[in-house]
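Q: Residue numbers for the sequence shown follow the UniProt record's numbering, beginning at 1 and rising by one. Ideal Cβ positions, reconstructed from N, Cα and C, are used throughout, including at glycine. These numbers were taken from a predicted model, which means no experiment stands behind them.
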Amino acid sequence: MIEVVRRSDSPRLAAGPCAGRRSSKGVSVSRFSTLVLVSSLVLGTALAGGTTASATERNASAATQELTQQAKPQVKQQAPKPPKKWRKWEAPSGPFFNDPHRKEGQFRIERRIVDTIKHTPRGSYIRIAVYSFDRVNVADALIAAYRRGVKVQILLNDHWDTGAMKKIRNVIGTDRTAKSFIYKCKKSCRSAANEYNNLHSKLYLFSQAGKTEDVIATGSHNLTRNAAIHQWNDLYFMSGEHEIFRQFVGLFNDMKNDYNTRQDPLLFCGVPTGAACDDSVDKHTVWAFPRVSGPKNDLVIDTLDKVQCLTPDAEGNVVRTKLALSMHTMRGNRGDYLAAAIRKKWAQGCDVRVMFGLIGYHTKGVIAAPTPRGRIPLRSTGLDYNLDDDFDLNSDGVDDLILDYYSHQKYLVIQGTYNGIPGTEMVITGSSNWASLSTANDEIWLTIRGARVAKKYLGNYNYQWNNTRNSRNAYTTSYANFRVFRDGRWVTERRKVTTLTPENYATGPYWEND
1 MIEVVRRSDS
11 PRLAAGPCAG
21 RRSSKGVSVS
31 RFSTLVLVSS
41 LVLGTALAGG
51 TTASATERNA
61 SAATQELTQQ
71 AKPQVKQQAP
81 KPPKKWRKWE
91 APSGPFFNDP
101 HRKEGQFRIE
111 RRIVDTIKHT
121 PRGSYIRIAV
131 YSFDRVNVAD
141 ALIAAYRRGV
151 KVQILLNDHW
161 DTGAMKKIRN
171 VIGTDRTAKS
181 FIYKCKKSCR
191 SAANEYNNLH
201 SKLYLFSQAG
211 KTEDVIATGS
221 HNLTRNAAIH
231 QWNDLYFMSG
241 EHEIFRQFVG
251 LFNDMKNDYN
261 TRQDPLLFCG
271 VPTGAACDDS
281 VDKHTVWAFP
291 RVSGPKNDLV
301 IDTLDKVQCL
311 TPDAEGNVVR
321 TKLALSMHTM
331 RGNRGDYLAA
341 AIRKKWAQGC
351 DVRVMFGLIG
361 YHTKGVIAAP
371 TPRGRIPLRS
381 TGLDYNLDDD
391 FDLNSDGVDD
401 LILDYYSHQK
411 YLVIQGTYNG
421 IPGTEMVITG
431 SSNWASLSTA
441 NDEIWLTIRG
451 ARVAKKYLGN
461 YNYQWNNTRN
471 SRNAYTTSYA
481 NFRVFRDGRW
491 VTERRKVTTL
501 TPENYATGPY
511 WEND
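(1) By DSSP, does N462 sit in helix, in strand, or in coil?
(2) Please classify C18: does DSSP put it in a helix, a strand, or coil?
(3) Closer than 7 Å by C-beta to D140: which residues in its own chain qualify, once you throw out the five before and the five after it? Chain order, please.
(4) Looking at L378 and N257, is the spacing between their C-beta atoms short of 9 Å?
(5) Roughly how many whole angstroms lie between the Cα atoms of Y236 and G219?
(6) Below 8 Å, how does it come out for the segment 294-308 and the segment 203-220: are there three or more Cβ pairs, yes or no?
(7) So, for G173: in the same chain, excluding its five sequence neighbours on each side, which residues have a beta-carbon less than 8 Å away from its beta-carbon?
(8) How many angstroms separate the CA atom of V413 from the CA atom of G94?
(9) What does a CB cutoff of less than 7 Å around L304 pick up in its chain, not counting 5 residues either side in sequence?
(10) Can we say the segment 231-250 touches the segment 97-105, given the rule of at least three CB pairs closer than 8 Å?
(11) Of the residues S432, Y411, S436, which one's Cα is nearest the Cα of M426?
(12) Could you spell out the range, first to last residue, of the beta strand (DSSP E) harbouring H328?
(13) Given a threshold of 16 other Cβ atoms within 10 Å of its Cβ, counted over all protein chains shown, does A451 qualify as buried or as exposed?
(14) Taking 8 Å as the limit between beta carbons, can you name the residues of its chain near R135, skipping five residues before and five after?
(15) Distance check for D336 and T273, CA to CA, integer angstroms please.
(16) Count the other CB atoms within 10 Å of the CB of Y125; is the residue buried (16 or more) or exposed (fewer)?
(17) So, for H221: in the same chain, excluding its five sequence neighbours on each side, which residues have a beta-carbon less than 6 Å away from its beta-carbon?
(18) Nearest-angstrom Cα distance between G270 and Y475?
(19) Going by Cα to Cα distance, which pick from V319, V114, K103, A193 is closest to G210?
(20) Only counting runs of 4 or more residues, tell me where the alpha helix (DSSP H) segments fall wholly within the segment 270-331, in order along the chain.
(21) Please classify P372: is it buried, with 16 or more other beta-carbons within 10 angstroms of its beta-carbon, or exposed?
(22) Pull up the distance between the alpha-carbon of Y461 and that of T468, whole angstroms please.
(23) What are the start and end residues of the beta strand (DSSP E) that includes A129?
(24) By Cβ distance, which residues of its chain are closer than 6 Å to K306, with the 5 residues on each side in sequence left out?
(25) Give a yes or no on whether 9 Å exceeds the smallest Cβ distance from R246 to chain B.
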């Protein structure tokens, strides 16, 4: 469901003929943006993976067409005028990263969020959907915005009830039909209400901040202390892309319906370059989960299938595509088949690096299995805060990990040939882990094309990969003596031996199970 909203006015909720199927409340939709979404949903998967659209995408298309019949265009009103002192202030742009190991870098992302909140003028909207929220200073900034006339709308997962959440709730209430509210979705917003599903998106929308209109931020960052001082996170800001902003607002409005049954996935990209959204040509492409899938229709598999590892150039040389994956967690059956898929890219000749916060032992065995090229390069950001705590989880006499530092990021940098286009530079980021439960959650998958953005993400990746303070070798290396026959006689050689060992760890007080 995608909606065009007035800049200074609250989006309308309206009942429609599809209410019995979806909810007692539908969403008003712009004819133009809905038609964009319809064609995206019908054709997007075929273009992205070279396969026929699945039943899920067909159902999503049918639901959107139903809404198109009742859509009424809305007149866009003039954006609120910010105070004179803010009229030169511009919202952040591009990706931002924190550094949990250095005090000056810990709250780098949070400062951008708070600064943006502080520059929202009266009559504008702030919409936030995050998994967890405990930052009182952020709550204070949101309350101050509300008191100066900003509409503040917040959706949260239901696993916590923190002081920051209570503080906001006491001021703006929980009524989702009001212009301001804070509300916890019950077992996810757009998926089946069961114990396994969550609102796991991290989405920040500002209709106006200083001189900047239609600000969007998404990535891996929750509004928590953990996110700043124990996790590696990213948050990507973009602004001024009015159509994709309206589509994100439509997604947010659909989320606040808090369905009990799973809704169709959404695919949108603002105004597509071609007939439908295509992540190989459009600057930004968004999938909004739930998008329940398996090995034959997983979005990650579709993406990796479009990567060509070896491409001849004009001089007769071969150019290798580069893949750099920073993944919070890889585990379960889905973790296994995705690990096999990216290992396959390494075997095909891509230059692949994989960095994780937590990995299942079976998944680790899949991704690290030998290939004719050797093992895939593999490092972990899961590090212990106190190496002298004598924590021995499996009683083997070796100090095991308590995960005090770890990556919470979920991004993939692709540099090379993608969907037949050499020289592609793109990043996939958002909230979705490589784990079995992720596809049924509320999640955001964002593709960003562009060399500048890819360079910034790669800089963050290399900073973690190349620094032993930030990551560790995920393989166990030892040395052994081997008898080898050389030059007509047997000699002894000392060789390096690489082995896999379980990631023995306890999650500890700083681990968020998301």
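A: This is what the structure holds:
(1) helix
(2) Note that C18 scores a pLDDT of 34, beneath 50, so its modelled location is shaky; the value from the coordinates is reported in the next line. C18: coil per DSSP, three-state reduction.
(3) none
(4) no
(5) 6 Å
(6) no
(7) S180, F181, I182
(8) 15 Å
(9) A341, I342, K345
(10) yes
(11) Y411
(12) 322-331
(13) exposed
(14) E110, A164, L223, T224, R225
(15) 35 Å
(16) buried
(17) I109, K202, A227, N233, L235
(18) 43 Å
(19) V114
(20) 299-305
(21) exposed
(22) 13 Å
(23) 125-130
(24) Y418, N419
(25) Here there is only one protein chain, and chain B is not present.
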